[in-house]
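Engineer: Shown below is the structure under consideration.
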Amino acid sequence: MKILICISNVPDTTTKIKFTNNNTTFDVAGVQWIINPWDELALTRAIELKETNAGTIENITVIHVGLNTSDPTIRKALAIGADKAIRINAEAKDSYFVAAQIAEFVKKEPFDVILCGIESSDYNGFSVGGMLSELLDYPSVSALSSLEIANAEIKLKRGIDGGHEVISIVTPFVGIVQKGIAKEARIPNMRGIMMAKAKPLQVVEPVLIDNFTEFVSFEYPKPKATCKKIDPENVKELINLLHNEAKVI
Amino acid sequence: MSILVFAENWDGKFKKQTFELVSYANSLAKLLNSSVVALSIGKVEDDELKKLGNYGATKILNVSDNRLNTLDNKAFTITIAQAAIKENANIIIFPHNITGKAIASRISVRLKAGLVTGVNGLPTSTDPFTIVKKSFTSKAFANIVIKTPVKIITLFQNAFGIIESPASPVIEAFAPEINDSDIKTIVKEVNKVTGKILLTDAEIVVSGGRGMKGPENWGAIEELAKLLNGATACSRPVSDEGWRSHEEHVGQTGKIIAPNIYFACGISGAIQHLGGVSSSKYIVAINKDPEAPIFEVADYGIVGDVQKILPEIINAVKELKS
Amino acid sequence: MNFEYTEEQKMIQQAAKDFAERELLHDVIERDEKSIFPTEAMKKLVELGFLGMMTDPKWGGGGMDTISYVLAMEEISKIDSSVGVVMSVSNSLVMWGLETYGNDAQKEKYLRPLATGQTIGAFLLSEPEAGSDATSQRTTAEDKGDHYLINGTKNWITNANCASTYIVIAQTYPDKKHKGINAIIVDKNTPGITLGPHEKKMGMRSSDTHSVMFNDVKIPKENRIGEDGFGFTFAMKTLDGGRIGIASQALGIASGAFERAVKYAKERKAFGTEIGNHQAIAFKLSDMAVKIENSRNLCLKAAWLKDQHLPYGIASAMAKQYCADIAMEVTTEAVQIHGGYGYVAEYHVERLMREAKLTQIYEGTSEVQKIVISRSILK
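Protein chains in written order, with the numbering used here: chain A, -8 to 240; chain B, 832 to 1153; chain C, 120 to 498.
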């Protein structure tokens, strides 16, 4: 069984977001880049599965659409435990562009299980996994909080409003993962970091794809009005304000 | 031309969010001189279906195919795409929730239709079709142009509101053409709470953080939520510690919510947490640390011991209600 | 000349930072207060390969360079220098010494388990009456033909309890003075070894420090490192590298306190504005930043020389003396910036200040480093 993880390169979650060129471009100066947290959890789960099902899972590949500035993030995925990496050498334009590039690659080199994070913490598209599954005509299951593979039998748990469902599925499929799929992302160990240097990072040239959408400009959220402090000795005042001023109770 | 709305139900009843979606579609239809068609999948009684007319739906397609009782992304995609083609829809609207996000992206590819997820208002321009969405996990807004003739959006919950606009809708049975082989997901087990307000649908959310000291102190959080007909939530450390289930975690990597009031009890307000709650209409913060960043985003704040203040809030609410 | 870290170096730095924030931060204050050794965190430190990170992969180590080691030591010591010192002693004293001067049989038996983290090492040099003055060893290793008989007491030994492998510096030929000293590998569980109680220290309380008593401890001769009488040279060479570890630890203590002071200066308000907007505080922070930058550069320079196989003894002495003194200054200022909050445990800086003091004392006091540096200038 071969697993593919789609990874996105995103600003660290504590980054202060700034834009340049008249608010049309995200300012990458001084930004620390990380593997998109959901993608990293997907990768973590794949590695855990490979460790416990050594016979079933033959290899884990990560794929990324981006320029060589993403290479450190890709190397980290290799250091954590992916066996090889593919980088499609193009700047991501929108979710469809990314999904279509990955689909082209997968059509040539198929995988049994494809995992994507449910969203990316930069453009919050929530789309690549679903789009990829449709492009490949694979079934997709979204909001996975558990993925078990035992003797090639696959059991998934997906979130639904107010709970979860247990699902069985056959390969190939696209799994779109949310938090809970793995407990926490792994810190790469020294051996992993050393081995990452020697693992293959294959660069693939993109195909011509028209994007569906265009990011025109960005805005900052309006600053919030200052917080109205309520005397802790007079808590009633809070309910009074919520009732009479905000009118939400 | 028409605007197609995916009208999701929960156990045969429409959610508040569904009515908001129809209201939104109706406003958009007025802008574009179009009409609203709602598509319901699953077992919903006619009386319930008709409710969609209260918010401006003029046509309701009712799909009751037993194979669609549980969500199969591909089968739902086929169904909605067929309905969109039949109704000549040039805009399709989904809720920005698990189901909506799972299907909208597939339909985007199937209909070659540009998709923008997590939209929080009407388009700022209809030509070119420009729409605003949150990006960088609520740290910014992006203006996005959809370039394709058919456009798909998912609407953020509680971003638009519910607007009544009564219409007399036609209810029409719709039978999609689906092959059994299209359905690949087999649901083995369903595990969900019913009768409880959904966190993502709740107008009031009472949430606890590490400052609550331990799971044994959650009684007050639950009591306040119940009293206000709201839902309970928690911060990431709380779910990581196992004090509360992961389903309750709100924040950048958990659920993203937008209630009318968000009570942050003993939550310091790390930037990752704020990413999940900053769309709340009002934030009430209770924290012993006056320097806690939560106060920078809160509308109302009380500096003090949450264990002492929560019961007082409960009493004040009880007094108000009586 | 290139000031840019490599991709691997950055990854190691990030891994150390993630480890420290995830595994050490949550209970560091409690462990300090109650002098608890971080047993669980140590297991994870081992899994990540930070013990033995510089040892040749041939012996099970990580094969990383000294620059990476400096970066990792800084990140870990920012949060918890007690873990930093375990790492430093095991890596730069015990493992480096064994790898550089041990024979293959010794490496197989002792270095491999150390490098793979199955065991921890301790370096036993200091004595009640001989700290940095390694020439006046009172502990004896008597030559009994096929074995040595060790007698004496070693003081303030880091890792004394958690370690299984000791390297003991002891006098074999008192008349030959420092040329009569040997370095001997000792299994901790050899009969005749007893430990004093856990030392009650001013800081770094969660590291495991004891005195160790030897009473007719029989050690096979094959455990001697190098030629007969090589012990003093061994100790001096090993300490050269050890200083890079302690310098980086001091750097971490300083930058940890500095980061907390910056954060506090941006949050805390006085006289209507954040205290960082007051020049008194802003200039303090500026001075701290320059000193830390200098400290880091000295550490990296010494590490670079070592990686290039160039002489690094003086550079490491400079780094050790400067970083330790700066750590003391910077942590004291960090406490000052925090005001009353700085004096209580919750804000970490008072602990960092107590920890900083030790870096001026152990593995050669600041004064001893000055002896080393000045001798090299004046010779």
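Don't be surprised by glycine CBs; every beta carbon is placed ideally from N, CA and C.
1) Kindly provide the ranges of any alpha helix (DSSP H) runs that are 4 or more residues long and lie completely inside the stretch 52 to 107 of chain A, ordered along the chain.
2) Taking 8 Å as the threshold (C-beta atoms), are residue 214 (chain C) and residue 277 (chain C) in contact?
3) Kindly indicate the opening and closing residues of the alpha helix (DSSP H) around residue 220 (chain C).
4) What are the start and end residues of the beta strand (DSSP E) that includes residue 1063 (chain B)?
5) Return yes when the Cβ of residue 212 (chain C) is within less than 8 Å of the Cβ of residue 242 (chain C), no when it is not.
6) In whole angstroms, what separates the C-alpha of residue 855 (chain B) from that of residue 953 (chain B)?
7) Which runs of the beta strand (DSSP E) spanning at least 3 residues fall entirely within the stretch 877 to 965 of chain B, listed in chain order?
8) Between residue 177 (chain C) and chain A, is any beta-carbon pair separated by less than 8 Å?
9) What separation, rounded to the nearest whole angstrom, lies between the Cα atoms of residue 126 (chain A) and residue 162 (chain A)?
10) Are there three or more Cβ pairs, one per stretch, closer than 8 Å when the stretch 157 to 173 of chain A is compared with the stretch 21 to 34 of chain A?
11) Quick one: which chain A residues come within Cβ less than 9 Å of residue 837 (chain B)?
12) Using DSSP's beta-bridge definition, name the partner residues of residue 1039 (chain B).
13) Does residue 472 (chain C) pass the burial test, meaning 16 or more other C-beta atoms within 10 Å, or should it be called exposed?
14) Please classify residue 161 (chain C): is it buried, with 16 or more other beta-carbons within 10 angstroms of its beta-carbon, or exposed?
15) Are the stretch 171 to 188 of chain C and the stretch 224 to 237 of chain C touching by the rule of at least three beta carbon pairs closer than 8 Å?
16) For residue 947 (chain B), which residues in chain A fall below 9 Å Cβ to Cβ?
17) Look up residue 398 (chain C) in the DSSP assignment and say whether it is helix, strand or coil.
18) Would you please state the rounded distance, in angstroms, between the beta carbons of residue 109 (chain A) and residue 169 (chain A)? I believe it to be under 8 Å.
19) Kindly indicate which three-state DSSP category residue 178 (chain C) falls into: helix, strand or coil?
20) Would you verify that the beta carbon of residue 154 (chain A) is, or is not, closer than 8 Å to some beta carbon of chain B?
21) Can you give the Cα-Cα distance for residue 1025 (chain B) and residue 1064 (chain B), rounded to whole angstroms?
22) Output the boundary residues of the beta strand (DSSP E) element that contains residue 1118 (chain B).
23) Look at residue 951 (chain B) and residue 154 (chain A) and say whether their C-beta atoms are less than 8 Å apart.
24) I need the straight-line Cα distance from residue 454 (chain C) to residue 446 (chain C), nearest angstrom please.
25) With DSSP as the reference, label residue 130 (chain C) as helix, strand or coil.
26) Establish whether the CB of residue 5 (chain A) and some CB of chain B are separated by less than 8 Å.
27) In terms of residues, what are the limits of the beta strand (DSSP E) holding residue 2 (chain A)?
28) Any beta-carbon of chain A closer than 8 Å to the one on residue 422 (chain C)?
29) Kindly say whether residue 182 (chain C), judged by its beta-carbon, lies nearer than 8 Å to any beta-carbon of chain A.
30) Give the secondary structure of residue 982 (chain B) by DSSP, where H, G and I count as helix, E and B as strand, and everything else as coil.
31) Whose Cβ in chain B lies nearer than 7 Å to the Cβ of residue 112 (chain A)?
32) Determine the direct distance from the alpha carbon of residue 1126 (chain B) to that of residue 884 (chain B), and round the result to whole angstroms.
33) So if I threshold CB-CB distances at 9 Å, which residues from the stretch 185 to 203 of chain A count as touching chain D?
34) Here's the rule: buried if 16 or more other CB atoms are within 10 angstroms of the residue's CB, otherwise exposed. What is residue 462 (chain C)?
35) Quick one: what's got a C-beta closer than 7 Å to residue 477 (chain C)'s C-beta in the same chain, skipping five residues either side?
36) Cutting at 6 Å between CB atoms, please list the residues of its own chain near residue 24 (chain A), excluding the five before and the five after it.
Structural biologist: According to the data block:
1) 62 to 71, 86 to 99
2) no
3) 215 to 220
4) 1062 to 1065
5) yes
6) 8 Å
7) 890 to 894, 920 to 926, 945 to 950
8) no
9) 16 Å
10) yes
11) Per Cβ cutoff of 9 Å: no residues; residue 837 (chain B) is ~14 Å from chain A at best.
12) B:1065, B:1096
13) buried
14) buried
15) yes
16) 116, 204
17) helix
18) 5 Å
19) helix
20) yes
21) 17 Å
22) 1113 to 1118
23) no
24) 12 Å
25) helix
26) yes
27) 0 to 2
28) no
29) yes
30) strand
31) 968, 1083
32) 42 Å
33) Among the protein chains of the structure shown, namely A, B and C, there is no chain D.
34) exposed
35) 322, 323
36) 0, 64
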